[in-house]
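Read through the structure below, which is laid out as structure tokens, and then see the notes.
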Amino acid sequence: MAIGTLVPVAPALAAAERRIEYNIEVENLGEALKTVSRLSGKEIIFNSEAVLGKAAPRLHGTFSADEAVRALLEGTGLTAQFRKDVIIIRGRSDPSGQIAEGPTETSDIIVTGSRIRGGEATSPVISATRSDIEQRGFSDLGAFARVLPQNFGGGQNPGVFSGGGQGGSTNLNSSSNLNLRGLGPDATLTLLNGHRVAYDGVTQGVDISAIPVAAIEKLEIVPDGSSALYGSDAVGGVANIILRRRFNGLTTSARVGTTTDGGGTQQQYNAVSGTNWRGGGILAIVDYQRSTAITARQRSFVTGLDDSATLVPGQKQISGVVSGFNQLLDGVRFNFDGQYSRRSSSITLPYSLNLNALTSGSVVNSKAETFSLNPSLNVVLPKGWELTVNGGYGESTTNAPGSVYQRGVLTTRREVRYRNTIADVEAFAEGPLARLPGGIARLVVGGGFRETGLKANSSQTEGTTTRPIFDFDCQSACKRDPLSARKRDPLSGWRSVDVTGFLALRAA
């Protein structure tokens with residue numbers, strides 16, 4: 000095994016160390032670098048704009064590929080990063096002045112999976128911009144997430160549901176959750192601009208379809224365990240939805256689509272408006288979507304279901320996002336973002352293969368409402384340090400009344416209600432600590448407080464008699480006797496308070 004591993008890398012090592020004779024006259028720097036790459040066999044990567052208009056000096060003699068590139072870059076202001084089998088040409092190595100001391104107004108760099116500015120995540124990051132998602136034909140983030148190989152499409156998405164009470168319902172409100180590696184939505188942490196938001200549903204997932212695609216700058220996903228950085232709710236991975244910050248003007252768009260076999264007709268209308276001023280800006284997005292249901296009668300390949308059965312529920316959703324920032328003082332910046340969504344959907348579930356749901360079956364009409372508000376403050380400190388303080392509050396409420404029919408008669412009414420909440424505050428400072436041979440050692444230190452909760456209750460009415468299936472208010476019951484409250488009804492709910500601290504050091 001050792002011999003088999005070493006043999007393939009030998010050509011790469013030879014290409015890196017081989018010295019050959021060059022005879023390059025004064026010419027364009029880009030062409031000179033291409034010549035070195037062709038003769039040496041070593042890949043050289045550079046941006047065409049970085050070398051535009053730059054001349055290369057005359058190069059005569061015997062050099063290795065690394066030595067030839069160093070000679071060509073002398074006096075150009077460009078730097079090279081030398082690796083085993085590739086050379087990467089970059090701009091100047093050290094920013095100057097105010098750029099080196101703090102963030103700029105026009106470009107915020109957010110790296111999911113690292114709290115250190117300039118630090119890369121230990122796992123590969125999947126990144127998709129708004130343009131990438133739209134060009135692939137997706138109208139919402141839920142549809143985009145379901146085509147990712149790392150994401151499990153089961154669980155909470157509009158095409159997966161079941162009837163019954165709270166414990167037997169997979170997805171009553173037609174939400175769309177990320178489920179990386181199939182470990183469950185509660186094992187994938189979904190952030191909005193780096194903030195936690197309220198769960199949507201009993202399985203502790205976040206409804207990503209509630210965020211309009213028009214509102215995002217990009218989506219970053221770390222599809223590997225990130226619990227060391229974010230906690231136990233990131234065992235499967237973490238996703239960060241980064242919102243747009245700057246926009247000036249007004250733009251509107253409309254989208255209409257349908258299917259050839261019937262059902263699934265979609266309408267989408269949105270408006271984006273914003274304005275900028277010196278040191279700040281505000282952006283608002285409103286999005287309306289409506290889609291009709293797809294039933295078994297509309298698909299010839301469906302067998303074993305009555306024609307009235309819902310395959311994909313119809314939905315109606317209106318959502319909005321507000322995002323902005325303002326430079327309060329020199330080095331002090333206030334950021335905020337808010338999100339609101341209201342969605343309704345309907346599911347028809349026949350109990351028999353040859354009887355429709357209004358004869359023998361159930362109909363569930365659900366409504367879900369979600370909002371969150373997250374302010375934050377960034378303070379630039381001396382010597383390149385930066386202090387960040389952020390907080391937030393969010394709620395998600397679902398009401399899912401259901402009607403059960405037997406022999407064409409409405410026999411039972413079921414009510415399912417649950418309300419998720421989250422409140423958190425966090426503060427941390429980050430900056431350079433010392434210069435080491437491998438780079439600048441940067442330190443981040445901070446902590447936070449987070450409280451999440453779930454209230455849930457369900458009841459069943461038969462005739463004039465109403466019987467509770469469960470009724471749980473964790474705010475009171477858990478404080479009195481949390482163990483016995485859980486024993487009485489393990490499906491009821493919970494309230495969790497987490498106090499965390501963190502410290503990280505790395506060369507970046």
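Okay, so the sequence shown: first residue is 0 according to numbering that gives the first Met the number 0, each after it adds one.
Each residue gets a CB set at the ideal place from its N, CA and C atoms; glycine is no exception.
Just so we're clear, the structure is a prediction, and the values are computed from it rather than from any experiment.
Item to check | Proximal residues to Gly101 (C-beta, below 8 angstroms), its chain only, five neighbours per side dropped | outcome: At Gly101, the pLDDT of 38 sits below 50, so the modelled position is not reliable and the matter cannot be decided from this model.
Next on the checklist: Distance check for Thr411 and Thr460, CA to CA, integer angstroms please.
Outcome noted: 6 angstroms
Checklist entry - Alpha carbon to alpha carbon, what distance is there between Gly313 and Phe143? => result A direct Cα-to-Cα measurement between Phe143 and Gly313 gives close to 19 angstroms.
Checklist entry - Do the segment 281 to 290 and the segment 318 to 325 make contact, defined as three or more Cβ pairs closer than 8 angstroms? => result The segment 281 to 290 is in contact with the segment 318 to 325.
Next on the checklist: Would Gln316 and Ser359 be called neighbours here (beta carbons separated by less than 8 angstroms)?
Outcome noted: no
Next on the checklist: I want to know whether the segment 387 to 394 touches the segment 421 to 433 - three or more CB-CB distances under 8 angstroms.
Outcome noted: Look at the beta carbons and you see the segment 387 to 394 touching the segment 421 to 433: at least three pairs across the two are nearer than 8 angstroms.
Checklist entry - Buried or exposed: Gln80, going by 16 or more other Cβ atoms within 10 Å of its Cβ? => result With fewer than 16 Cβ atoms within 10 Å of its Cβ, Gln80 is classed as exposed.
Checklist entry - Taking 8 angstroms as the CB-CB limit, is Pro211 close to chain B? => result No chain B is present in this structure, which holds just one protein chain.
Checklist entry - Is it buried or exposed for Thr250, if we count other Cβ within 10 angstroms and need 16 for buried? => result exposed
Checklist entry - If you draw a straight line from the C-alpha of Val124 to the C-alpha of Pro222, how long is it? => result Cα to Cα, Val124 sits roughly 7 angstroms from Pro222.
Item to check | Range covered by the beta strand (DSSP E) that runs through Lys33 | outcome: Element bounds for Lys33: not the beta strand (DSSP E) but the alpha helix (DSSP H), 28 to 39.
Checklist entry - Is the Cβ-Cβ distance between His194 and Gly445 less than 8 angstroms? => result no
Checklist entry - Distance, Cα to Cα, Leu354 vs Gly262? => result 21 angstroms
Next on the checklist: Output needed for Arg466: all residues of its chain with C-beta closer than 8 angstroms, excluding positions within five of it in sequence on either side, in chain order.
Outcome noted: Ser458, Gln459, Thr460
Checklist entry - Between Phe137 and Arg180, is the Cβ-Cβ spacing less than 8 angstroms? => result no
Item to check | Every unbroken beta strand (DSSP E) within the segment 283 to 325, with a cutoff of 3 residues, ordered by chain | outcome: 309 to 311
Checklist entry - Does the Cβ of Ala356 have 16 or more other Cβ atoms within 10 Å, making it buried, or fewer, making it exposed? => result Buried, because 16 or more other Cβ atoms sit within 10 Å of the Cβ of Ala356.
Checklist entry - Under three-state DSSP, which class holds Gln338? => result Reduced to three states, the DSSP call for Gln338 is strand.
Next on the checklist: Given a cut-off of 8 angstroms on the beta-carbon distance, is the pair Val35 and Pro56 in contact?
Outcome noted: Contact annotation: Val35 and Pro56 have beta-carbon atoms that are not nearer than 8 angstroms.
Next on the checklist: If I measure Cβ to Cβ from Asn419 and keep anything under 6 angstroms in the same chain, skipping five residues before and after, which residues do I get?
Outcome noted: Ala197, Tyr198, Ser395, Leu453
Next on the checklist: What would DSSP say about Asp131, mapped onto helix, strand or coil?
Outcome noted: helix
Item to check | Helix, strand or coil at Lys217 according to DSSP, with G and I counted as helix | outcome: strand
Checklist entry - Which residues in the same chain have their Cβ closer than 7 angstroms to the Cβ of Ser402, if we skip the five residues on either side of it in sequence? => result Ser361, Val362, Leu409, Arg412
Checklist entry - How many whole angstroms separate the CB atoms of Ile241 and Gly141, which I take to be in contact at a CB cut-off of 8 angstroms? => result Rounded, the Cβ-Cβ distance is 17 angstroms, inconsistent with contact.
Next on the checklist: Quick check: what's the CA-CA separation for Gly167 versus Val415?
Outcome noted: Residue placement at Gly167 is flagged as unreliable, the pLDDT there being 40, under the threshold of 50; the coordinate-derived value follows with that caveat. Spanning the two alpha carbons is a distance of roughly 11 angstroms.
Item to check | Cβ neighbour criterion (16 or more within 10 Å) applied to Ile88 | outcome: buried
Next on the checklist: Between Ala67, Leu228, Phe448, Val50, which has its C-alpha nearest Leu58's C-alpha?
Outcome noted: Ala67
Item to check | Of the listed residues Ala308, Phe335, Arg434, nearest to Asn298 (C-alpha basis) | outcome: It should be noted that the sequence gives Arg, not Asn, for residue 298. If we check each option's Cα against that of Arg298, Ala308 comes out closest.
Next on the checklist: Are the CB atoms of Ser252 and Asn269 within a distance shorter than 8 angstroms?
Outcome noted: yes
Checklist entry - Residue ranges of each beta strand (DSSP E) run of no fewer than 3 residues wholly in the segment 191 to 268, ordered along the chain? => result 215 to 221, 236 to 242, 248 to 256
Next on the checklist: Quick check: what's the CA-CA separation for Arg449 versus Leu188?
Outcome noted: 14 angstroms
Next on the checklist: Just to check my reading of the structure: Asp65 and Ile86 have Cβ atoms closer than 8 angstroms, yes? What is that Cβ distance to the nearest angstrom?
Outcome noted: 7 angstroms
Item to check | Short Cβ contact (8 angstroms threshold) for Ser375 with Asn334 | outcome: Against a cut-off of 8 angstroms, the Cβ pair of Asn334 and Ser375 comes out as a contact.
Next on the checklist: Quick check for students: name the residue ranges of the beta strand (DSSP E) that lie wholly in the segment 329 to 412, counting only runs of 3 or more.
Outcome noted: 331 to 349, 359 to 379, 385 to 398, 401 to 405
Next on the checklist: Using the Cβ count rule (16 or more neighbours within 10 Å means buried), how would you classify Pro148?
Outcome noted: exposed
Checklist entry - When you compare only the Cα positions, how much space is there between Thr463 and Leu310? => result Just so you know, the alpha carbons of Thr463 and Leu310 end up roughly 33 angstroms apart.
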